[in-house]
Each structure stands twice: as C-alpha cells, then as structure tokens.
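When we follow my numbering, the leftmost residue of the sequence shown carries the number 1008, and every step to the right adds one. Every residue, glycine too, gets a C-beta built ideally from N, C-alpha and C. Small disclaimer: the values here were computed from a predicted structure and weren't measured. Okay, so here's the structure we're looking at.
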Amino acid sequence: MYDILIIGAGPAGISAAIYALRNDLKVGIFEGEAPGGKMVYTATIENYPGYEMIAGPDLAYSMFNQIMNLGADYIGERAETIRKENGHFVVRAGKDYKARTVIIATGTRNRKLEIPGEERLTNKGISWCAICDGALYRNKEVAVIGGGNSAFEESIYLSGVVKKVYLIHRREDFRADRNIVEKVKGLGNVEMILNTVVLEFIGEDGLEKLILRNVKTGEISSLEVEGCFEFVGLLPATEFVRDLGITDEDGYIPVSANQETKIPGLYAVGDVVSKRVRQIVTAVNDGAIAALDIIKKIR
Ligand SMILES: Cc1cc2nc3c(=O)[nH]c(=O)nc-3n(C[C@H](O)[C@H](O)[C@H](O)COP(=O)(O)OP(=O)(O)OC[C@H]3O[C@@H](n4cnc5c(N)ncnc54)[C@H](O)[C@@H]3O)c2cc1C
C-alpha cells in the first residue's frame, strides 16, 4: 500500500514526489512516456527561476534524478483507470496498485489538425516535437503551424537547424508573447504566412507539400516542405478518468485550494487542472501544495 500514487512524471508530479519523499511517505510514480513530461520535448527554457537558459531535457533529467535519489518507486506504465475500493484507491496499470491517496499529474496532449493526409503522414514528415525531429530536416524547408508561444519557441529552435521555416498562422495577431514574436521576426530564415489555414497534407511515403487556403481571399495555394510541426493547442490527458465525473466540460479537472478534486483523497496538479496559467512554475507549485496537504492529513 502506497501513501501516494502519482500519475505522470512531469514537473507537477515530480514536485509532489519531492515533498512527499522528504517527509518519508511511500511514493509510487507512473509514467507512460519519458520522465520529465513536456520539458523533455522543449528545446530551451528561459523562465524557470535559477536558470537563465536551460535545455528542457537537462531540467527534466535533473528533476527526475532528484526523486530517484530520494527513493521514489518509478513505475514505467500508463495508468488505465482509478477506482475506490474499501476506503483506498486502486490504480490499474497492467496490474493493480493500491494507495491511500492519488495525485493526477497527467498534463496535456497535443491537439491535431485532423485534416486529410495527417494520419498517413504522421512521423513521415508531420511531427509535434521540434527537438526530437528537427535534425531530420537539416538543410531542408519545414513548416510550423500555430500562433502561440510553443509555435514561436519551436520556430526559433528549428531556424538554427533547418534551411527555412514557414510559420503558418490562421490569423494576423498572435497569442505568443510580444518579445518572442519580435525575436522570430528578426530571424533571416523564418517567413510568416498569415491568415492562412492548412487544408491537406500531400505525399506518398513522406510529406511533399501542404495545401493552403487564405482565409481572407479564399485563394488556394500549395507549399512544398518536407517537414511540418503542428503547435495548434493542447487537450487535457484525462480520458482515463472521464467516468469518475471529476472533469469540467473541456476535460480539465477543477480542484480546491489544496488541489483536491471533488473525491476526497484524489488530487490533481499541473496542466491537467482547470486554471489559466500552464507553465513549469505553476505545475511545481501545484505539486507542492497537494503533497503538503496529503502529508498533513496522513500525519
Ligand atoms: C513546446 C512547449 C514549450 C514549452 N515551453 C515552456 C517554457 O519555456 N517554460 C515553461 O514554464 N513552460 C513551458 N511549457 C509548458 C510546460 O511544459 C508545462 O506547463 C508543464 O510541463 C506542465 O507540467 P505537468 O507536469 O502538469 O504536465 P506534463 O509536463 O505534460 O507531464 C505530464 C506527464 O504525464 C504523463 N502521462 C499522461 N497520461 C498518463 C497516464 N495515463 N499514465 C502515466 N503517465 C501519464 C505524460 O507522459 C507526461 O510525461 C511548454 C510547453 C510546450 C508544449
């Protein structure tokens, strides 16, 4: 029986684990992909206190090392369900794991465009991770789709690797911070294609071109690129808890000031929570609050 089972080893889950382990609780932490969460797929982080600039995978590795050194029980499995049984929780992940409390720290997953050609050309030119796949397009031309911070940050990274980046956005204004937009505008090999949506991905064994439509003029055109990176938003990773009735209409999880869901003993932290700001600092903040509340209750 664990004191806490944490689902998701991103910054939110890791932060909760650090506080709980340092208070001698028995902690198990599930991870379905790579420990570190979104940090693993982020080229550089420039807004986490203590580091003017750090590579995302380096920060992820350092946080993960910290919980392993503190004695976390790392379970490299994807959690499938959570249920309550005889006053404790059971997390199903290949087999059953029991705990007094559970923290959901599963973050978000990438939204897809869901247009023709996308499924067929996924990983054959279409990607959601510049740091993982950018090097495949060295000296080639690629497109980035989106108008938020992720699209701009990843365009900066790609501009240092590939020959040319086309940044395609459906509007004229951006959700991204102004300083990062200015930085991208100053790059010689990034061209912005605005008021434009992608209608279709074309290619047989690999991506060859995009079919575009200008939303103002209605004009249809094509753009030859070998790689395309989609950053068009995120969706909460909560499908596995939908039947618990703890999510809002968008699938995020509302919580109390102590990060507890409406089921006592079941907590949610980080990007999966219904809130306005989703960053590493807010994720680690949530993790600390949840763990400290659990420590207080268990003691
Ligand atoms: C491209 C990009 C760039 C970013 N840049 C910055 C930045 O510069 N600065 C900043 O502060 N923030 C940045 N962010 C946001 C930041 O990464 C997130 O706010 C933060 O990672 C959220 O942490 P989290 O732990 O809540 O979720 P995540 O980091 O998403 O981690 C959740 C983890 O849970 C795992 N998981 C999901 N479902 C299950 C399951 N059923 N079972 C087991 N494991 C599961 C996932 O595999 C993942 O590892 C960026 C985000 C993106 C996408």
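Item                                                                                                                                                        : Value
Are there any heavy atoms of ligand 1 lying less than 8 angstroms away from the beta-carbon of Glu1084, as far as the coordinates show?                     : yes
What residues match up with Glu1267 in a beta bridge as DSSP calls it?                                                                                      : Tyr1274
Measuring from the CB of Phe1181, is there a heavy atom of ligand 1 at a distance below 8 angstroms?                                                        : no
Exposed or buried, Cys1139, counting other C-beta atoms within 10 Å across all chains shown (16 or more means buried)?                                      : exposed
For the alpha helix (DSSP H) that contains Asp1065, what are its first and last residues?                                                                   : 1063–1076
Is Arg1285 a contact residue of ligand 1, with contact defined as CB to any heavy atom under 8 angstroms?                                                   : yes
Please classify Phe1238: does DSSP put it in a helix, a strand, or coil?                                                                                    : coil
If I measure Cβ to Cβ from Leu1230 and keep anything under 7 angstroms in the same chain, skipping five residues before and after, which residues do I get? : Ala1150, Tyr1173, Lys1216, Leu1217, Leu1219
DSSP state of Thr1049, grouped into three classes?                                                                                                          : coil
Hey, Ile1052 and Gly1044: beta-carbon distance below 9 angstroms or not?                                                                                    : no
Give me the residue from Ser1162, Gly1258, Ala1041, Thr1268 with the minimum Cα distance to Lys1192.                                                        : Ser1162
Using a threshold of 8 angstroms, is the CB atom of Glu1059 nearer than that to any non-hydrogen atom of ligand 1?                                          : no
Which one of Gly1057, Lys1282, Gly1277, Gly1132 has the shortest CA to CA distance from Cys1235?                                                            : Gly1132
Any heavy atom of ligand 1 closer than 8 angstroms to the beta-carbon of Met1075?                                                                           : no
Classify Ala1290 as buried or exposed, calling it buried when 16 or more other Cβ atoms lie within 10 Å of its own Cβ.                                      : buried
Do Lys1190 and ligand 1 come close, with the Cβ less than 8 angstroms from some heavy atom?                                                                 : no
What are the residues that DSSP puts in a beta bridge with Pro1243?                                                                                         : Thr1115
Would Asp1278 be called buried (16 or more neighbouring beta carbons within 10 Å of its own) or exposed?                                                    : buried
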